[in-house]
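Chemist: Below is a structure I'd like to ask you about.
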Amino acid sequence: MYLNTIRSSEGARRASKRVGRGIGCTLGKTCGRGHKGQKARSGGFHKVGFEGGQMPLQRRLPKIGFTSSMSKYSAEVRLSELDILSDNVVDLKALIDANIVPVFTKKAKIIKSGSLSKALTIKGISVTGGAKESIEAAGGKVEV
Numbered sequence: 290m291y292l293n294t295i296r297s298s299e300g301a302r303r304a305s306k307r308v309g310r311g312i313g314c315t316l317g318k319t320c321g322r323g324h325k326g327q328k329a330r331s332g333g334f335h336k337v338g339f340e341g342g343q344m345p346l347q348r349r350l351p352k353i354g355f356t357s358s359m360s361k362y363s364a365e366v367r368l369s370e371l372d373i374l375s376d377n378v379v380d381l382k383a384l385i386d387a388n389i390v391p392v393f394t395k396k397a398k399i400i401k402s403g404s405l406s407k408a409l410t411i412k413g414i415s416v417t418g419g420a421k422e423s424i425e426a427a428g429g430k431v432e433v
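Each number in this note's numbering comes from the position in the sequence shown (counting from 1) with 289 added on.
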């Protein structure tokens, strides 16, 4: 087998339209473009989304939405989830090891949801005001 002998399988390539071959075919004279008008002329196509000078749909609709790239790397942790931990020191590695937050998490925040029954030391994790009060009320402390 040589590179110059390789051919496409039968029916894989459709033959191109042979336009301007007389009135015997449907593509003679105007070559399937109809009579007059912008599309009948050479170079007579406009940009995608152009609506003849009317304000295009993509510009009429309001701009909505924004997704922070950091949002998929941050996580919220409830106080009730911290009761599961066996260690007294809570940091990001401990949360990942306990499967409380996903492995790819880069920052976490503890929120006041539920209650905390044991004294914990929080290191390197941001904490809401209400959660900080609950942790300190349980005998723990927050180190930033």
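All residues carry an ideal CB built from backbone N, CA and C; glycine is no exception.
Quick one: is LEU292 buried, meaning 16 or more other Cβ sit within 10 Å of its Cβ, or exposed?
Modeler: Its Cβ having fewer than 16 others within 10 Å, LEU292 is exposed.
Chemist: Rounding to the nearest angstrom, what Cα-Cα distance links GLY300 and TYR362 in this structure?
Modeler: Their Cα atoms are separated by approximately 50 Å.
Chemist: Which ranges would you report for the alpha helix (DSSP H) in the stretch 303-353 if only whole runs of at least 4 residues count?
Modeler: With a minimum length of 4 residues, the continuous alpha helix (DSSP H) runs that stay inside the stretch 303-353 are 346-349.
Chemist: Threshold first: 3 residues or longer. Then list the beta strand (DSSP E) segments lying entirely within the stretch 353-378, N to C.
Modeler: 363-367, all fully within the stretch 353-378.
Chemist: What first and last residue would you give for the alpha helix (DSSP H) that runs through ILE385?
Modeler: That run of the alpha helix (DSSP H) goes 381-386.
Chemist: Between ILE414 and ILE399, which are expected to be in contact by the criterion C-beta below 8 Å, what is the C-beta distance as a whole number of angstroms?
Modeler: Rounded, the Cβ-Cβ distance is 6 Å, consistent with contact.
Chemist: Note the first and the last residue of the continuous beta strand (DSSP E) segment covering GLU432.
Modeler: Residues 430-432.
Chemist: Count the other CB atoms, across all protein chains shown, that sit within 10 Å of the CB of SER369; report buried if there are 16 or more and exposed otherwise.
Modeler: With fewer than 16 other Cβ atoms within 10 Å, it is exposed.
Chemist: Can you confirm whether LYS396, when its beta carbon is compared against all beta carbons of chain D, has any partner nearer than 8 Å?
Modeler: Annotation note: the requested chain D is absent from the structure, which comprises a single protein chain.
Chemist: Is the beta carbon of ALA426 closer than 8 Å to that of SER406?
Modeler: It is not a contact, given that the beta carbons lie outside the stated cut-off.
Chemist: Less than 8 Å between C-beta atoms, sequence neighbours within five positions excluded: which residues of the same chain meet that for PRO345?
Modeler: The residues are GLY338, PHE339.
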